[in-house]
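Working notes, beginning with the structure itself.
Chains as they are written, first to last, in the numbering used here: chain R, 1 to 281; chain Y, 1001 to 1281; chain P, 2001 to 2281; chain F, 3001 to 3281.
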């Protein structure tokens, strides 16, 4: 065998199967990212990224290393999280694709102030940015996971005293038009108040008394939390579509109670090849 | 306080918010399940279940304990995995709902025979059954995750010798009409052959030589694996829709390469409120 | 290049580095397993296995496929879970090793009867069998994870009404002499009663009233649960050493409270090269 | 019922069971952390923390909120990662304990330069800091997880061409004296070179040719990687004890091959109540 002089571009070969592939890319990519905070300095986060493009039927493969090259450059320029559309436009161009998608998930920290003692601490929220570019149509999705307490209305009603309560997670994904903006901080604030009580990293005794009593005065099923957030998101005029899941890690069972709702507001065009996927993929 | 004599049905209260909820139920329920095997005895498996119904706007909550009661009965009668529609029909009726969904995921074991030594061993595959009942329209989805080896065509082409290879996972979900049946064993067989080489729990030295050389003779990108399975599933007349993901845990990177395709065959009516969800929910 | 006629045994080569390796083997092996139940039929489970031996400094490698061969045979003979020592003795012999270890983890289902309605349902418990053979010295460890409810004594004391409560997990590993036996069912029964209340898959309204009130009448910190189990395990004469962790998924925080204790009873010889490992390995 | 005027300190009550608890604290605490880099600016990371103290038999409970208060203050002062001993000394004092432990795990990014093209990209490594203070005796542990490629020597030897290869993870925990220091960057550099080849986030075609051929020229079992790192860590005079695990995600199987070694150098006093724990806790 002799050393190959030229490194052949195998991906560029003609493919005879005649199949356009909807998404091809990389996933579980770890990278540091800088997120713009509302009224504060930027926050450095550790993100997981997933990027893809469509692949035309004529080509054997996409050029995977270009995704990393572009991610790398945008991650260093601090623009990936603020100009998702610009990033996708470059991906689309450099990979000669008609559609491109990126999804970034990361833990984001926000100061929470204890209700009575007013001591503040940092709470981490799992967040996500998702951008989809189909030809020139761009859609952006913002996602947050917000831990809360739920206290069971049935348990309160039927018991002589107390009620079972537990940690629950509200997951919300929203979309809004390109010329509008919703801060992570503001979306969390909209949602967090709809549990039986909020959750805090640091509570002193007088705070603990407050949250215990507040949850008891405010019993909610997952159905109640879901409906209150549906009302909140319906009336927000910036939001064009939303998806909610509330999962409550029942303290009396080893399984969860959950509720789910997805709504697209009137007048919003539904995306043809919507990048959604069943639970068990 | 006096002891409450009657245990009030809080869930049954009238709800004033006027919001129909799309899905309410339980998830992460663990239960033993019995799966019918092709040409063999039944297999006992450990399953995770998720069940839900819609909730009419007039009611404050659904009756979560009824899901467990019905799951419990069907799990003991050994029918849950074989008569998913019957199970959903009972759920629909007992919870006075117009739609009902169930999803069961479990590890299923199939004998694999080493290619040369012919020694057999048990390989575990993550599988799922998903049933959706909307009024009287019933749809069933079968899902499997199949581990294979992929060997990189580019690495082989450009290198003087060898090529990087790695474990990859093919995830396939399919649907077929109510009056037809596809065995887990048969679906896995359709898919498994499309990697660079199959994976086996037990290989002797002469088998290891065979799989090493076979993978080298059969280099495939995730795009190649995806396209070959698309061709396979398109030509299968029983299958009405399918979804494929191929994820390759690259041995030269700490991230994955992946490809994705979803197709609904002509003439298949698209479901109105399709139970799909974004990756990061 | 010509085809190699003989398949050389590379593992058997002499190693010049002069290093005895403490453990070499396979892990994350999936296999079906049959567990003997107390007063009942056997239970089929899905197990994850980890097996290892020591490797003498003279040899380049161990023969990994032999682990699978022996696991395979013992899994089919239904003896792996009941004669762990016999399995390790064969491993030790066939791999020419002086020490051998196996660990099997699996979900095991036990019927639980609701406290008032007496309806029964299946609850899954994560369990483990671990056997260690060092020359001829054999030690066996039984592990269980038991979900319970904890209700906070501080929250109850300081609040005018109610108290925060949540799901918690008790993990217990015990050891006992070769000529004694403790059933999984019995170990779980010893532990489960020490929470504020037990957890059940299926509860009707009158049961829910009972568990809500019982937990309120029985408030416990993770420290309380730990101490009560320490007392229980100290007084059990069969048990020679134990390890306890109680982790409570606080409903008012997004983190856990936990407590940990490990005790080896007097007269029990401590193992020289104890197979323990730090949390973050 | 009247409002309780004083909020009683329940934790401070006398406990009659007479049991000293070895560890009580909080875990799965999320917090932003600042890590000092070698020859570079600090790096902001997202950490998971676990903190504990011992609890004297006279007291019913520890004061969990104090852990968060102190974590909070040290996290903001940017000292938690650089003065772990100072942090533990404060914990010990404010919780009136004789022993205290903290463990921080986080993803840390280091620039990697592709071998031929010299393009640089950021690779994330899971790292951990663990500090243990028993009375006045302080011990510090540094942990890293390093992904590499392993190429099987047996597969290479017996096959006419190619060899199976795959991603593997090397986990190393080390300890060194209080007056010495080892940078994360330096520990990773010591370890990373001992795979068949290093792993990179971004590789161009000429790099891919290089890593493919390098791995083939450098076949290694998990036993080989382990022994080479044992030699490396034995000869490093700063390191007083170490623990290594190498796990290789076999591309021809659905399970892993692994090797493990733990060594404490001569003259190092073994800790009485060593904070190690079995795999399945």
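Every residue, glycine too, gets a C-beta built ideally from N, C-alpha and C.
Notebook entry, point to check: Alpha carbon to alpha carbon, how far is residue 2033/P from residue 1210/Y?
Noted result: Stepping through the third chain from its first residue, residue 2033/P is reached at position 33. Stepping through the second chain from its first residue, residue 1210/Y is reached at position 210. If I take the Cα positions, the gap works out to 30 angstroms.
Inset, instruction - Closer than 8 angstroms, Cβ to Cβ, to anything on chain P: give me those residues from the stretch 238–255 of chain R, in chain order. - result: 249, 250, 251, 252, 253, 254 and 255
Do we get a CB-CB distance below 8 angstroms when we pair residue 1014/Y with the residues of chain R? The residue labelled residue 1014/Y in the question sits at position 14 within the second chain. By this cut-off, residue 1014/Y is not an interface position.
Original post:
In chain order, what residues of the stretch 1049–1081 of chain Y put their CB closer than 8 angstroms to some CB of chain P?
Top reply: Listed by position along the chain: 1065, 1068, 1069, 1072 and 1075.
- Message: List, in chain order, every chain P residue whose beta-carbon is nearer than 8 angstroms to that of residue 3032/F.
- Response: Position 32 of the fourth chain, counting from 1, holds the residue named residue 3032/F. Result: empty, since nearest Cβ-Cβ is about 14 angstroms, beyond 8 angstroms.
Query raised in the report: For residue 268/R, does the three-state DSSP call read helix, strand or coil?
Result: Here residue 268/R corresponds to residue number 268 of the first chain, with the count starting at 1. The answer is coil: DSSP assigns residue 268/R none of H, G, I, E or B.
The beta strand (DSSP E) with residue 131/R in it runs from where to where?
Locating residue 131/R in the first chain gives position 131, where the first residue counts as 1. Looking at the DSSP string, the run of the beta strand (DSSP E) that includes residue 131/R is 120–134.
Subject >> Delimiting residues of the alpha helix (DSSP H) encompassing residue 210/R >> reply: To locate residue 210/R, count along the first chain from 1; it is residue 210. Note, residue 210/R: alpha helix (DSSP H), 205–216.
Query raised in the report: What's the gap between the Cα of residue 2215/P and the Cα of residue 161/R?
Result: Taking the first residue of the third chain as 1, we reach residue 2215/P at position 215. Taking the first residue of the first chain as 1, we reach residue 161/R at position 161. Distance between the alpha carbons of residue 2215/P and residue 161/R is about 10 angstroms.
Discussion item. Which of the three DSSP states is assigned to residue 2153/P in this structure?
Written reply: As a working mapping, residue 2153/P is identified with position 153 in the third chain. If DSSP states are grouped into helix, strand and coil, residue 2153/P belongs with the helices.
Roughly how many whole angstroms lie between the Cα atoms of residue 1174/Y and residue 17/R?
Your numbering for residue 1174/Y matches position 174 in the second chain. Your numbering for residue 17/R matches position 17 in the first chain. When rounded, the separation of the alpha-carbon atoms in residue 1174/Y and residue 17/R is 21 angstroms.
Inset, instruction - Evaluate residue 3268/F with the Cβ neighbour count: other Cβ atoms within 10 Å of its Cβ, from every protein chain shown; 16 or more gives buried, anything less gives exposed. - result: Taking the fourth chain and counting its residues from 1, one reaches residue 3268/F at position 268. By the neighbour-count definition (other C-beta atoms within 10 Å, threshold 16), residue 3268/F is an exposed residue.
Length of the line joining the Cα atoms of residue 1044/Y and residue 259/R: Within the second chain, numbered from 1, the residue matching residue 1044/Y stands at position 44. Within the first chain, numbered from 1, the residue matching residue 259/R stands at position 259. Whole-angstrom Cα-Cα distance: 30 angstroms.
- Item | residue 1008/Y, DSSP secondary structure in three states | In the second chain, counting from the first residue as 1, residue 1008/Y sits at position 8. Here residue 1008/Y sits in coil by DSSP.
Original post:
Which residue or residues does DSSP assign as beta-bridge partners of residue 1146/Y?
Top reply: As a first step, residue 1146/Y must be located in the second chain, where it is residue number 146. Answer is 1170/Y, bridged to residue 1146/Y.
inquiry  = Under 8 angstroms: do the stretch 3120–3140 of chain F and the stretch 3230–3237 of chain F share three or more Cβ pairs, one atom per stretch?
reply    = In this structure the stretch 3120–3140 of chain F does not lie against the stretch 3230–3237 of chain F, because fewer than three pairs of beta carbons, one per stretch, are closer than 8 angstroms.
- Using 8 angstroms as the limit for Cβ to Cβ distance, is residue 3085/F near chain Y? As a working mapping, residue 3085/F is identified with position 85 in the fourth chain. Closer than 8 angstroms: no.
If you count every other CB in all the chains shown that lies within 10 Å of the CB of residue 3257/F, and 16 or more means buried, which is it?
For the purposes of this step, residue 3257/F is taken as the residue at position 257 of the fourth chain. It counts as buried.
As a quick exercise: from 2022/P, 2142/P, 2051/P and 2039/P, pick the residue whose alpha carbon is nearest that of residue 3261/F.
Working through the fourth chain from its first residue, we reach residue 3261/F at position 261. Closest by alpha carbon: 2022/P.
If we count the other Cβ atoms within 10 Å of its Cβ and call it buried at 16 or more, is residue 2207/P buried or exposed?
On the third chain, residue 2207/P is found 207 positions in, with the first residue counted as 1. Buried is the call here.
Practice prompt. Tell me whether residue 65/R sits in a helix, a strand or coil according to DSSP, three-state version.
Written response: Here residue 65/R is taken as the residue at index 65 of the first chain, counted from 1. If DSSP states are grouped into helix, strand and coil, residue 65/R belongs with the helices.
_Residues in the same chain with beta-carbon distance under 8 angstroms from residue 273/R, minus the five sequence neighbours each way, listed in chain order, please._
Your numbering for residue 273/R matches position 273 in the first chain. Interpretation of residue 273/R is limited by its pLDDT of 38, a score under 50 that renders its predicted location unreliable; the figure taken from the coordinates is listed afterwards. Excluding residues within five positions, the ones whose Cβ falls inside 8 angstroms are 22, 99 and 134.
Looking only at its chain, what residues have a beta carbon closer than 8 angstroms to the beta carbon of residue 186/R, apart from the 5 residues adjacent to it on each side? As a working mapping, residue 186/R is identified with position 186 in the first chain. The residues are 38.
**Message:** Going by DSSP in three states, residue 3001/F sits in which element: helix, strand or coil?
**Reply:** The count along the fourth chain starts at 1 and reaches residue 3001/F at position 1. Confidence at residue 3001/F is low in this model, with a pLDDT of 40, below 50, so the placement of that residue should be treated as unreliable; the coordinate-derived value is given next. Three-state DSSP puts residue 3001/F in coil, outside helix and strand.
Does the beta carbon of residue 2212/P sit closer than 8 angstroms to a beta carbon anywhere in chain R?
-> By 1-based counting over the third chain, the position of residue 2212/P is 212. Yes, contact with chain R.
- Query: When DSSP labels each residue in this structure, what does residue 1281/Y get in the three-state scheme?
  - Reply: Here residue 1281/Y refers to the residue found at position 281 of the second chain. Because residue 1281/Y carries a pLDDT of 32, less than 50, the predicted location of this residue cannot be relied on, and the following value inherits that uncertainty. Coil.
Requested in this report: Starting from the C-beta of residue 2279/P, find all residues in its chain whose C-beta is less than 6 angstroms away, skip the five residues before and the five after it, and write them out in chain order.
Outcome: Walking along the third chain from the start, residue 2279/P turns up at place 279. Confidence at residue 2279/P is low in this model, with a pLDDT of 33, below 50, so the placement of that residue should be treated as unreliable; the coordinate-derived value is given next. Excluding residues within five positions, none has a Cβ falling inside 6 angstroms.
Compare the C-beta of residue 2124/P against all C-beta atoms of chain Y and say whether one is closer than 8 angstroms. Translated into positions along the third chain, residue 2124/P becomes position 124. At least one chain Y Cβ lies under 8 angstroms of residue 2124/P.
For this session: Take residue 3254/F as the anchor and find which of 2073/P, 2009/P, 2224/P and 2027/P has the nearest alpha-carbon.
Result: For the purposes of this step, residue 3254/F is identified with residue 254 of the fourth chain, where counting begins at 1. For residue 3254/F, the nearest C-alpha among the options comes from 2027/P.
Worksheet entry | Of the residues 3148/F, 3158/F and 3122/F, the one placed nearest residue 3171/F, counting alpha carbons only | Along the fourth chain, one-based indexing puts residue 3171/F at 171. Residue 3171/F has its Cα closest to that of 3148/F, out of 3148/F, 3158/F and 3122/F.
**Request:** Output the distance between the C-alpha atoms of residue 2941/F and residue 1245/Y, rounded to the nearest integer angstrom.
**Result:** Since the first residue shown for chain F is 3001 and the last is 3281, residue 2941/F is missing from the structure and cannot be characterised.
Exercise. Anything in chain F within Cβ reach of residue 1226/Y, meaning under 7 angstroms, just list it in chain order.
Key: Translated into the one-based positions of the second chain, residue 1226/Y becomes position 226. Those do not exist, as residue 1226/Y stays about 19 angstroms from chain F at its closest Cβ, beyond 7 angstroms.
Notebook entry, point to check: Residue range of the alpha helix (DSSP H) that residue 2188/P falls in?
Noted result: Here residue 2188/P refers to the residue found at position 188 of the third chain. Where residue 2188/P is concerned, the enclosing alpha helix (DSSP H) stretches over 2184–2192.
Can you confirm whether residue 1115/Y, when its beta carbon is compared against all beta carbons of chain F, has any partner nearer than 8 angstroms? For the purposes of this step, residue 1115/Y is identified with residue 115 of the second chain, where counting begins at 1. Not closer than 8 angstroms to any Cβ of chain F, the Cβ of residue 1115/Y fails to qualify, so no.
Amino acids of chain R, ordered along the chain, whose beta-carbon sits closer than 7 angstroms to that of residue 3121/F | For the purposes of this step, residue 3121/F is taken as the residue at position 121 of the fourth chain. Within 7 angstroms Cβ-Cβ: 68 and 72.
Take the Cβ of residue 2212/P as the centre, count every other Cβ of all protein chains shown within 10 Å, and call the residue buried at 16 or more, exposed below. Numbered from its first residue, the third chain carries residue 2212/P at position 212. Burial call: buried.
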